[in-house]
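Chains A and B are the protein sequences, given in the same order. The numbering of the first sequence is my numbering, which starts it at 4 and goes up by one. The numbering of the second sequence is my numbering, which starts it at 51 and goes up by one. Just so it is clear, CB atoms sit at the ideal spot from N, CA and C, and this is done for glycine as well. What follows is one structure encoded as structure tokens, with my remarks underneath.
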Amino acid sequence: MRLYAIRLLQLLRRKQEGFWGLLFPIVMATLFFVSFGNGVDPEKMSAVPAALVSRGNQIFERLLQEMDGAVLNLNPMEEEEALEALAHGEVKGIFYSEEEPSLTVTSLGIQETVLETLLRSYLENQTMILQIGEQNPAGLIPAAAQISRYGDYLESADINGGSMETNLGYFYALISMACLFGAFLGMTCATEMRADQSPLALRRSVAPVHRLSLVLAEMAAAFTVQFGNVCLLLLYLRLLGLSFGGKWALLLPVCALGSMAGVAFGMFVGSAKMREGFKNTVLIGSSLLMSFFAGLMFVNMKDIVEHHAPLLNRINPAALIADAFYSISIYDNPERYRRNLFLLAAITSVFVLTGFWRLRRERYESL
Amino acid sequence: MRVFKGYLQIVFKNSGLLLMYLLITVSIVFISQKNIETNDTSAFSAARYRVAVLDREGGKIGNVLTEYIARNQILAAVADDKQAIWDELFYRNIQCVLIVPEDAAKKLAEGGAAVQIVSVPGSAGEYYLHAKINNLLQQIRVYTAGGFSMEEACEKALELSQKEASVTLLDVNGNAGRRPDYNDFFAYLPYGFLGGMIISMSFVVMEFKKKEIKRRITCSPVSARVQNSAAIACFLTVGVLVWGVCIAVQSAVYHGGAFRSENRFCYLLNSLACMTVAMSLAYLTGMAAGNAGALNGIANVISLGLCFLGGIFVPIEMLGSGVEKAARFLPTYWYSKINGLLGDYARLNSGMLQTVMQGLLIQFLFAAACFGVTTAVTKARQRE
């Protein structure tokens with residue numbers, strides 16, 4: 004306990020590790036929030052600005068005018084004016100209300116497709132009435148009546164999910180990265196137990212303390228600092244307005260295991276017999292890759308891996324943490340949540356045991 | 051030369067991380083491009099969405115919907131499981147799922163809600179697909195009201211969907227309404243440059259600012275001017291090499307890539323300006339970071355932060371007007387703006403060229419400012 008308390012104090016006094024480990028995720032969270040949290044939804048449906056060049060087809064013009072408002076932002080113009088507006092991006096398309104109406108656009112996006120759909124629906128209805136008139140004239144009046152009774156034949160199905168905001172995935176990946184930041188603390192602890200790599204470890208090696216007590220105290224102290232950092236990050240995210248489905252009690256085990264996984268991974272790398280520079284490279288590289296596969300740079304990455312190499316998602320601690328958050332906040336799935344926790348615990352155990360196995364019974368011929 | 055070699059040796063030791071950042075960037079480009087359907091750009095083609103049909107009916111309505119989606123959208127497969135459906139929608143692998151219940155035909159005949167739909171609420175995709183599918187079901191009802199049997203009505207409604215509307219695609223921008231594929235490569239390039247250069251070059255700066263090394267260098271017979279020249283030469287060599295490799299890669303992958311564009315010099319200058327910014331930030335970071343953990347954090351914050359706020363990973367329009375105004379101080383904003391212009395317009399008019407020049411100037415000035423600040427801080431520290 005004394006070893007733990009002293010080490011904890013020592014780690015807290017070290018501004019570098021603790022400060023950066025807390026500051027960076029908070030800065031990143033702020034940046035993500037600024038980027039996504041301003042309520043601008045690029046997918047949101049809004050009225051499409053379009054020009055109408057009148058050429059005498061009253062029925063088509065009436066159809067467009069009925070759509071003016073929610074779907075269309077219709078502007079009657081002369082052809083030259085309309086072409087100029089189209090070139091400057093003020094309208095997305097020009098409707099020509101000729102006998103056979105037509106549309107002119109300059110690009111191939113969803114807004115242009117909505118305009119094309121309006122034109123197409125007019126042409127389809129026209130063709131439909133002509134067909135019925137030709138093939139079954141008696142049915143023309145009921146068919147016309149049915150056209151005017153345009154109903155809604157679709158209903159939304161409820162599948163019990165949470166938010167559909169894909170961007171939330173970035174915040175989950177960020178929490179994963181914050182947990183993995185513990186690896187740098189873990190590596191510092193491991194390095195300071197290897198007498199060939201630090202003067203502090205040299206003094207510790209000759210102290211009459213059991214190696215296991217030393218390793219456990221190191222690990223527990225690093226874990227406490229890291230877990231505290233992650234909890235502060237969660238609190239900060241809560242202040243920014245992220246609710247995580249309100250299930251805080253379920254979030255803490257994920258953060259605890261995630262922090263432990265980070266620290267254990269750092270000890271695992273730090274305990275290896277490699278030069279410090281190379282260990283740093285390994286740690287930075289692996290945490291970068293793990294975060295990338297968990298969706299930190301490209302939010303769909305975790306899902307792409309799930310479709311093509313699901314095993315990678317089962318052994319990547321960052322993906323497991325992000326997925327546990329998903330299974331709590333987005334789609335409540337206790338089974339998936341437990342599986343993620345179990346795998347995270349298993350991976351952490353492997354790192355802890357390997358790290359300890361490497362650090363125990365170290366003997367030096369000369370120091 | 052010996053000092054220069056020393057610098058390069060340290061860079062070489064960390065080249066794995068640089069390569070990793072570049073590979074991640076290239077992966078993001080290829081993955082995002084894989085999700086975009088490529089059409090013939092000489093004529094208008096409507097946007098297509100990935101839609102799944104869960105046919106629990108196994109009858110006429112299910113068949114006609116499946117066939118309709120296969121012809122007009124992209125028919126996707128999804129397991130008949132709520133969690134699977136949610137996952138696919140959340141990651142936008144599909145935009146909509148249509149669930150055809152067993153009594154769909156009966157409900158449609160009665161004029162009720164015959165089909166269930168699951169999609170992203172409030173999205174343009176939801177509106178568009180809802181309108182399309184509802185229109186198809188309405189047409190079936192019109193045909194049946196007009197005296198046709200359900201089979202005939204379904205068949206005729208399907209035929210109608212094949213009718214072509216007269217749509218002209220006006221090529222006012224000289225790129226047939228679509229950004230060229232190599233433009234995406236350039237769009238994501240700043241992440242690789244920033245992350246890769248900061249993580250690899252900062253290590254060199256960190257190494258050389260160590261007290262013991264600094265003291266040894268100070269008492270060596272090599273003058274400070276030679277040492278600084280070697281450091282600058284190393285930065286320039288690595289920067290130009292990485293930039294050159296990236297330009298060569300896009301040229302090889304996209305059959306000439308930016309070299310096919312009339313704006314090739316703008317593409318090259320813009321990416322070079324971005325590399326200059328990356329090098330200056332690497333120098334600044336190297337001076338600021340105390341250890342590898344801090345460096346990793348700073349590299350992530352700078353590269354991801356500048357990319358998200360500058361409109362590299364998310365469209366600038368999504369940032370909101372307040373954030374966009376603040377983002378104008380960031381070099382990535384101007385990089386992204388120039389790249390957007392180059393993608394949208396094959397031929398730039400004088401106003402656009404002015405924006406390009408302004409953006410390039412801001413990037414170079416940002417790099418110069420970073421370099422100046424770092425040099426000033428370094429000199430102040432040396433005096434201490």
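Return the CA-CA distance between arginine 214 (chain A) and arginine 363 (chain A), expressed in angstroms with no decimal places. Indexing the first sequence from 1 puts residue 214 (chain A) at position 211. Indexing the first sequence from 1 puts residue 363 (chain A) at position 360. If I take the Cα positions, the gap works out to 6 angstroms.
For isoleucine 29 (chain A), which of A:Ser151, A:Cys182 and A:Gly164 has the nearest alpha-carbon? Looking up residue 29 (chain A) in the first sequence gives position 26. Closest option to isoleucine 29 (chain A), Cα to Cα, is A:Cys182.
Could you give the DSSP three-state label for proline 104 (chain A): helix, strand or coil? Your numbering for residue 104 (chain A) matches position 101 in the first sequence. Three-state result, proline 104 (chain A): coil.
Inspect the beta-carbon positions of alanine 323 (chain B) and arginine 314 (chain B) and report whether they are closer than 7 angstroms. Locating residue 323 (chain B) in the second sequence gives position 273, counting from the first residue. Locating residue 314 (chain B) in the second sequence gives position 264, counting from the first residue. Cβ distance not < 7 angstroms, so alanine 323 (chain B) and arginine 314 (chain B) don't count as in contact.
7 angstroms Cβ cutoff met for glycine 289 (chain B) and leucine 68 (chain B): In the second sequence, residue 289 (chain B) corresponds to position 239, counting from 1. In the second sequence, residue 68 (chain B) corresponds to position 18, counting from 1. No, these two residues do not count as a Cβ contact at 7 angstroms.
Tell me the DSSP secondary structure of proline 79 (chain A) in three-state form. Position 76 of the first sequence, counting from 1, holds the residue named residue 79 (chain A). Strand at proline 79 (chain A).
Beta strand (DSSP E) segment containing aspartate 199 (chain A), residue limits: Position 196 of the first sequence, counted from the first residue, corresponds to residue 199 (chain A). Per DSSP, aspartate 199 (chain A) belongs to no beta strand (DSSP E) and is neither H nor E.
How many angstroms separate the CA atom of glutamate 138 (chain B) from the CA atom of cysteine 146 (chain B)? One-based indexing of the second sequence puts residue 138 (chain B) at position 88. One-based indexing of the second sequence puts residue 146 (chain B) at position 96. Whole-angstrom Cα-Cα distance: 9 angstroms.
What first and last residue would you give for the alpha helix (DSSP H) that runs through proline 145 (chain A)? Reading the first sequence from its first residue, position 142 is the one you call residue 145 (chain A). Here the alpha helix (DSSP H) through proline 145 (chain A) covers 143-151.
Where alanine 377 (chain B) falls: helix, strand or coil (DSSP): On the second sequence, position 327 is the one that residue 377 (chain B) refers to. The answer is helix: DSSP assigns alanine 377 (chain B) an H, G or I state.
Against tyrosine 177 (chain B), what residues of chain A qualify as contacts under a CB-to-CB distance less than 7 angstroms, listed in chain order? Position 127 of the second sequence, counted from the start, is the residue given in the question as residue 177 (chain B). The contacting residues are Met48.
Does the pairing of the segment 320-332 of chain A with the segment 97-112 of chain B give three or more beta-carbon distances under 8 angstroms? With a cut-off of 8 angstroms, the segment 97-112 of chain B and the segment 320-332 of chain A do not count as touching, because too few Cβ pairs lie within range.
Does any residue of chain B have a CB that is nearer than 7 angstroms to the CB of glutamate 338 (chain A)? The residue given as residue 338 (chain A) occupies position 335 in the first sequence. No, because no Cβ of chain B sits closer than 7 angstroms to the Cβ of glutamate 338 (chain A).
Is the beta carbon of leucine 106 (chain A) sitting closer than 7 angstroms to the one on leucine 118 (chain A)? The residue labelled residue 106 (chain A) in the question sits at position 103 within the first sequence. The residue labelled residue 118 (chain A) in the question sits at position 115 within the first sequence. Cβ distance < 7 angstroms, so leucine 106 (chain A) and leucine 118 (chain A) count as in contact.
Once you ignore the five residues that flank glycine 269 (chain A) on each side, which residues in its own chain have a CB closer than 8 angstroms to its CB? Residue mapping note: residue 269 (chain A) aligns to position 266 of the first sequence, counting from 1. The answer, listed in chain order, is Gly185, Ala186, Phe187, Leu188, Gly189, Met190, Thr191, Cys192, Ala193, Ala225 and Leu286.
On the premise that tyrosine 57 (chain B) lies in contact with cysteine 284 (chain B), defined as a C-beta separation below 8 angstroms, what is that separation, rounded to the nearest angstrom? Along the second sequence, read from residue 1 onward, the residue named residue 284 (chain B) stands at position 234. Along the second sequence, read from residue 1 onward, the residue named residue 57 (chain B) stands at position 7. With 8 angstroms as the limit, cysteine 284 (chain B) and tyrosine 57 (chain B) qualify as a contact, their Cβ atoms being about 4 angstroms apart.
Closest Cβ-Cβ distance between glycine 358 (chain A) and chain B: below 7 angstroms? Taking the first sequence and counting its residues from 1, one reaches residue 358 (chain A) at position 355. No - not a single Cβ of chain B is within 7 angstroms of the one on glycine 358 (chain A).
Given a cut-off of 7 angstroms on the beta-carbon distance, is the pair glutamine 300 (chain B) and phenylalanine 235 (chain B) in contact? In the second sequence, residue 300 (chain B) corresponds to position 250, counting from 1. In the second sequence, residue 235 (chain B) corresponds to position 185, counting from 1. Contact flag set, yes.
Nearest residue (CA-CA) to asparagine 389 (chain B), options B:Gly361, B:Glu374 and B:Leu415: For the purposes of this step, residue 389 (chain B) is taken as residue 339 along the second sequence, with counting starting at 1. The residue with the shortest Cα to Cα distance from asparagine 389 (chain B) is B:Gly361.
Is phenylalanine 414 (chain B) close to chain A? Criterion is C-beta to C-beta, closer than 7 angstroms. Position 364 of the second sequence, counted from the first residue, corresponds to residue 414 (chain B). Chain A contact via Cβ: absent.
First and last residue of the uninterrupted alpha helix (DSSP H) at threonine 194 (chain B): Taking the second sequence and counting its residues from 1, one reaches residue 194 (chain B) at position 144. Where threonine 194 (chain B) is concerned, the enclosing alpha helix (DSSP H) stretches over 174-195.
Starting from the Cα of glutamate 201 (chain B), find the closest Cα among B:Ile111, B:Leu356, B:Gln277 and B:Leu239 and give me that residue. On the second sequence, residue 201 (chain B) is found 151 positions in, with the first residue counted as 1. That would be B:Ile111, whose Cα lies nearest to the Cα of glutamate 201 (chain B).
First and last residue of the uninterrupted alpha helix (DSSP H) at threonine 116 (chain B): Locating residue 116 (chain B) in the second sequence gives position 66, counting from the first residue. Where threonine 116 (chain B) is concerned, the enclosing alpha helix (DSSP H) stretches over 110-122.
Taking just the CA atoms, how far does valine 192 (chain B) sit from asparagine 184 (chain B)? Here residue 184 (chain B) is taken as the residue at index 134 of the second sequence, counted from 1. Here residue 192 (chain B) is taken as the residue at index 142 of the second sequence, counted from 1. For the pair asparagine 184 (chain B) and valine 192 (chain B), the Cα-to-Cα distance works out to about 12 angstroms.
Applying the 10 Å Cβ sphere with the 16-neighbour rule, what's the burial state of glycine 401 (chain B)? The residue given as residue 401 (chain B) occupies position 351 in the second sequence. Counting Cβ neighbours within 10 Å, glycine 401 (chain B) comes out exposed, since fewer than 16 surround it.
At a cut of 8 angstroms, does the segment 201-210 of chain A reach the segment 366-373 of chain B through at least three beta carbon pairs? no
Provide the residue span of the beta strand (DSSP E) that contains serine 250 (chain B), from first to last. What you label residue 250 (chain B) is simply residue 200 of the second sequence in a count that begins at 1. It is not in any beta strand (DSSP E) - serine 250 (chain B) instead sits in the alpha helix (DSSP H) that spans 231-258.
Which full runs of the alpha helix (DSSP H) of 4+ residues lie inside the segment 293-354 of chain A, going along the chain? 304-311, 313-318 and 320-332
Beta-carbon proximity of leucine 331 (chain B) to leucine 410 (chain B), cut-off 7 angstroms: Taking the second sequence and counting its residues from 1, one reaches residue 331 (chain B) at position 281. Taking the second sequence and counting its residues from 1, one reaches residue 410 (chain B) at position 360. Not closer than 7 angstroms, so no.
With a cut-off of 8 angstroms, do at least 3 Cβ pairs link the segment 237-254 of chain A to the segment 290-302 of chain A? no
Listed from N- to C-terminal order along the chain, which residues in the segment 25-42 of chain A have their beta-carbon within a distance smaller than 8 angstroms of any beta-carbon of chain B? Answer in chain order: Leu26, Phe27, Val30, Met31, Leu34, Phe35, Val37, Ser38, Phe39, Asn41 and Gly42.
DSSP state of serine 159 (chain A) mapped onto helix, strand, coil: Here the question's residue 159 (chain A) lines up with position 156 in the first sequence. Of the three classes helix, strand and coil, the one that applies to serine 159 (chain A) here is strand, per DSSP.
Going by beta carbon distance, what residues of the same chain come within less than 7 angstroms of methionine 70 (chain A), once the five residues before and after it are set aside? In the first sequence, counting from the first residue as 1, residue 70 (chain A) sits at position 67. Taken in chain order, the residues that qualify are Leu121.
Where does the unbroken alpha helix (DSSP H) through alanine 344 (chain B) begin, and where does it stop? Mapped onto the second sequence, residue 344 (chain B) falls at position 294. Unbroken alpha helix (DSSP H) run through alanine 344 (chain B): 342-359.
Can you pull the DSSP bridge partners for glycine 24 (chain A)? The residue given as residue 24 (chain A) occupies position 21 in the first sequence. The partner list for glycine 24 (chain A) (beta bridge, DSSP) is empty, contrary to what the question assumes.
Skipping 5 residues on each side, what residues in its chain have a beta carbon closer than 6 angstroms to that of leucine 125 (chain B)? To locate residue 125 (chain B), count along the second sequence from 1; it is residue 75. Ile119, listed in sequence order.
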